[in-house]
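Engineer: Before I ask anything, let me first share the structure, which is written out below as structure tokens.
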Amino acid sequence: MYYRIIFFLLTLFTICDRGHALNIDVNPYSFFAEKSYAEIHLRVESESVQFATINGVKQASIEFVLMVKDAQENIAYADKFILNGQITSDNIDLITVKRFYINPGLYSIYLLATDLNLPENKLELETPFQVLQNWDGSRGLSDPILVADKIKLPEGQESETARFGYLAEPLPYAYADTIHHSIYFMQEVYLHPSDSLETYFVNYTISEKYKDNINAKVLLSQYKKLDKRSFQFLILPVSLKELPSGQYHLTTHLLTKDKQIITSRKHNFFKSNPLADIALLDIETEDQKTFANKISDEELDYVLKAHVPVVANVQLPTLQTLIRSGSPSKKRKFVNQYWTLRSPANPETSFDQYMEVAKAVDKEYYSNVGFGFQTHRGYIFLKHGKPNNVLSIDNEPDSPPYEIWYYNKIMTTNQTNVRFLFWNESLAHNDYWLLHSTCYGERNNPAWETQLYDSVPDDKIGNTVDGTEVKKGINRQAKLYFNQF
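Position one of the sequence shown corresponds to residue 837 (our numbering), numbered consecutively onward.
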């Protein structure tokens, strides 16, 4: 049932990663059963881990350090465990669930994951988490869980990821790709025993992403009449077939029979739907005066590929489809639509300015990978803009050439003091790959220093599994440059 997931932030024609980089989806949920409890769902993408042969079987082993801290940094829950998985023909992802009682409030989840078969392959992250208020006899809802597919387990069969007899596959990264024409959500409903004489409903809606202060448009609204009992488990389908690519909200409301909202819960998700996107392009009126009509047929694919760094992730499959099989008319409509939405006052000028930069980036970073904007440095330049400073080092005997890019502020993530470190392990012309970054959504590699200086393994600090640093030396200045330049 669990199938291989291609991490949606990268597609076949975007930049590729050299070696492994752990991809882990972390989703916390809160529930109530006599008192509040939480579940943390962990999913490790199988293609992001190293498999080693142990007793004739190829196996992956990921060590986790998991902590949940409250607002005062007190540890509310902690666990250290190893998640093992064997390789299969389907490349099944590694999935586990951690359940624990926890008081209501605001928390942060800290996670450090290490691939024991490739110790330098680590992932460290922190994410906020809110636990529902205790159910004190009033009515309530658990957090909804988005589900890609479900199977009813045979009587007597159990699984740690099952709920009330259903083995459900969590929707990875809250991302519904092109094969997900519908999804499910699971949710618990809590009512007081005295409510058994009353009638209640759950209303669930799909709405667009909020835009500034404008209320989101509701695209789908359905109702489920509840049974007259104090606890109910719901697993309901939601159709996504007609939704174009974008970010959406699933909102569930607990209602009285008079349609008064008692409480609500929400879960954001992404949908990629090239067929719906291209269908919308088909119904657009042809306008010979649009700036995109000036783009020649020969230039169209080049122009579309140059837009990969800036197009929203959910639209990348649509862009890929257009590059592979779209007509010139649809390709022009896509470009015109993109810049009209991004810069409605003057889309043509904005497009011309962007392509001027893209062509310069192509020329500057062109390599054997392809166009310059398809390399790691070119991709980051177009996605996040020109760095405020660049430090190039090509004379350290203990490392291959590397570059550190410094940004005072990244507008796309609203971060300040951001760093990117690229290295040229192959020594080929312009063959720089992203090794580590402090930017949200980009590769974060706690063991970057040991990889950069892997020519001096004896100077690694700590053991082979947990070590992320090397001893200081005159030929090892990258950490100093990265943190203090």
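Note that beta-carbon positions come from the ideal geometry of N, C-alpha and C, so glycine has one too.
Beta carbon of Gln1058, beta carbon of Asn957: below 8 Å?
Structural biologist: Taking 8 Å as the Cβ cut-off, Gln1058 and Asn957 do not qualify as a contacting pair.
Engineer: Drop a sphere of 10 angstroms on the beta-carbon of Gly1277, count the other beta-carbons inside from all chains shown, and report buried for 16 or more, exposed for fewer.
Structural biologist: Classification for Gly1277: exposed.
Engineer: State the start and end residues of the unbroken alpha helix (DSSP H) segment that holds Thr1099.
Structural biologist: Element bounds for Thr1099: not the alpha helix (DSSP H) but the beta strand (DSSP E), Ile1097 to Lys1107.
Engineer: Label Tyr937 either buried or exposed according to how many other C-beta atoms from any shown protein chain fall within 10 Å of its C-beta, with 16 as the threshold for buried.
Structural biologist: Result: exposed.
Engineer: When the Cα of Ala949 is compared with those of Leu1007, Ile981 and Arg879, which residue comes out closest?
Structural biologist: With distances taken between Cα atoms, Ala949 lies closest to Arg879.
Engineer: Within the continuous beta strand (DSSP E) that includes Val880, where are the two ends?
Structural biologist: Unbroken beta strand (DSSP E) run through Val880: Lys871 to Val880.
Engineer: Restricting to Cα atoms, I'd like to know which of Ala1115, Gln1156, Lys1107 and Asn1172 is closest to Val1150.
Structural biologist: Answer by Cα proximity: Lys1107.
Engineer: How would you label Gly892, buried or exposed, when you count the other beta carbons within 10 angstroms and need 16 or more for buried?
Structural biologist: Exposed.
Engineer: Who are Gln1058's beta bridge partners in DSSP?
Structural biologist: Gln1058 is bridged to Tyr1040.
Engineer: Less than 6 Å between C-beta atoms, sequence neighbours within five positions excluded: which residues of the same chain meet that for Thr1126?
Structural biologist: Here the set comprises Asn1172.
Engineer: Just how far apart, CA to CA, sit Lys1167 and Gln1083?
Structural biologist: The straight-line gap from Cα to Cα measures roughly 22 Å.
Engineer: Per DSSP, what kind of secondary structure is Pro1008 in: helix, strand or coil?
Structural biologist: In the structure shown, Pro1008 sits in a helix (DSSP, three-state: H, G or I).
Engineer: Do Leu1263 and Arg1101 have their CB atoms nearer than 8 Å?
Structural biologist: No. Outside cutoff.
Engineer: Less than 6 Å between C-beta atoms, sequence neighbours within five positions excluded: which residues of the same chain meet that for Ile876?
Structural biologist: For Ile876, where only same-chain residues beyond five positions count, the Cβ hits under 6 Å are Pro864 and Lys934.
Engineer: Are the segment 1202 to 1214 and the segment 1137 to 1147 in contact at 8 Å, needing three or more beta carbon pairs?
Structural biologist: Segments in contact, yes.
Engineer: In chain order, what residues of the same chain have a beta carbon less than 8 Å from the beta carbon of Pro964, not counting five sequence neighbours either side?
Structural biologist: Contacts found: Leu942, Tyr943, Ser944 and Ile945.
Engineer: So what does DSSP say about Asn957, is it helix, strand or coil?
Structural biologist: Three-state result, Asn957: coil.
Engineer: Tell me, to the nearest whole angstrom, how far the beta carbon of Ser884 is from that of Ile918; I am working on the premise that it is less than 8 Å.
Structural biologist: No, Ser884 and Ile918 are not in contact; Cβ-Cβ is about 17 Å, not under 8 Å.
Engineer: Using CA coordinates, which residue listed in Asn1104, Asp1198, Ile1119 and Leu902 is at the minimum distance from Phe1170?
Structural biologist: Minimum Cα distance to Phe1170 is reached at Ile1119.
Engineer: Nearest-angstrom Cα distance between Ile1019 and Asp1013?
Structural biologist: Distance between the alpha carbons of Ile1019 and Asp1013 is about 11 Å.
Engineer: Terminal residues of the continuous alpha helix (DSSP H) containing Lys1319?
Structural biologist: Note that residue 1319 is Asn in the sequence shown here, rather than Lys. Note, Asn1319: alpha helix (DSSP H), Ala1314 to Gln1320.
Engineer: Using alpha carbons as the reference points, say which of Ile1240, Asn1250 and His1265 lies closest to Gln1320.
Structural biologist: Ranking Ile1240, Asn1250 and His1265 by Cα distance to Gln1320 puts Ile1240 first.
Engineer: Which first and last residues belong to the beta strand (DSSP E) in which Phe798 is found?
Structural biologist: Residue 798 falls outside the range modelled here, since the chain spans only 837 to 1321, and no answer is possible.
Engineer: Classify Gln908 as helix, strand or coil using the three-state DSSP reduction.
Structural biologist: Correct three-state label for Gln908: coil.
Engineer: Could you check the C-alpha separation between Asp1267 and Leu1158 for me, to the nearest Å?
Structural biologist: For Asp1267 and Leu1158, the distance between alpha carbons rounds to 28 Å.
Engineer: Just verifying my parser: in three-state terms, what is the DSSP assignment at Tyr1190?
Structural biologist: Correct three-state label for Tyr1190: helix.
Engineer: From Met1022 to Leu989, what does the alpha carbon distance come to, in whole angstroms?
Structural biologist: Going from the Cα of Met1022 to the Cα of Leu989 covers about 16 Å.
Engineer: Can you tell me which of the three DSSP states Thr1248 falls into?
Structural biologist: Note: Thr1248 maps to coil in three-state DSSP.
Engineer: Cα separation between Gln922 and Tyr1011?
Structural biologist: One C-alpha to the other measures close to 25 Å.
Engineer: Classify Phe1069: buried if its beta carbon has 16 or more other beta carbons within 10 angstroms, exposed otherwise.
Structural biologist: When all chains shown are included, Phe1069 counts as exposed.
Engineer: What is the C-beta distance between Ala888 and Asn939, in whole angstroms, given that I count them as a contact (C-beta under 8 Å)?
Structural biologist: That pair is no contact at about 41 Å.
Engineer: What three-state label does DSSP hand Arg935 in the structure shown?
Structural biologist: Of the three classes helix, strand and coil, the one that applies to Arg935 here is strand, per DSSP.
Engineer: Taking its Cβ as the centre, do 16 or more other Cβ atoms sit within 10 Å of Leu1086, making it buried, or is it exposed?
Structural biologist: Classification for Leu1086: buried.
Engineer: Along the chain, where does the beta strand (DSSP E) containing Thr1325 start, and where does it finish?
Structural biologist: Within the shown structure, residues of the chain are numbered from 837 to 1321, placing residue 1325 beyond reach of any answer.
Engineer: Just to confirm, are Ala1128 and Leu1079 a CB contact at a threshold of 8 Å?
Structural biologist: Contact: no.
Engineer: Thr950 lies in the beta strand (DSSP E); which residues open and close that run?
Structural biologist: Taken as a continuous stretch (DSSP letters only), the beta strand (DSSP E) holding Thr950 covers Gly941 to Asp951.
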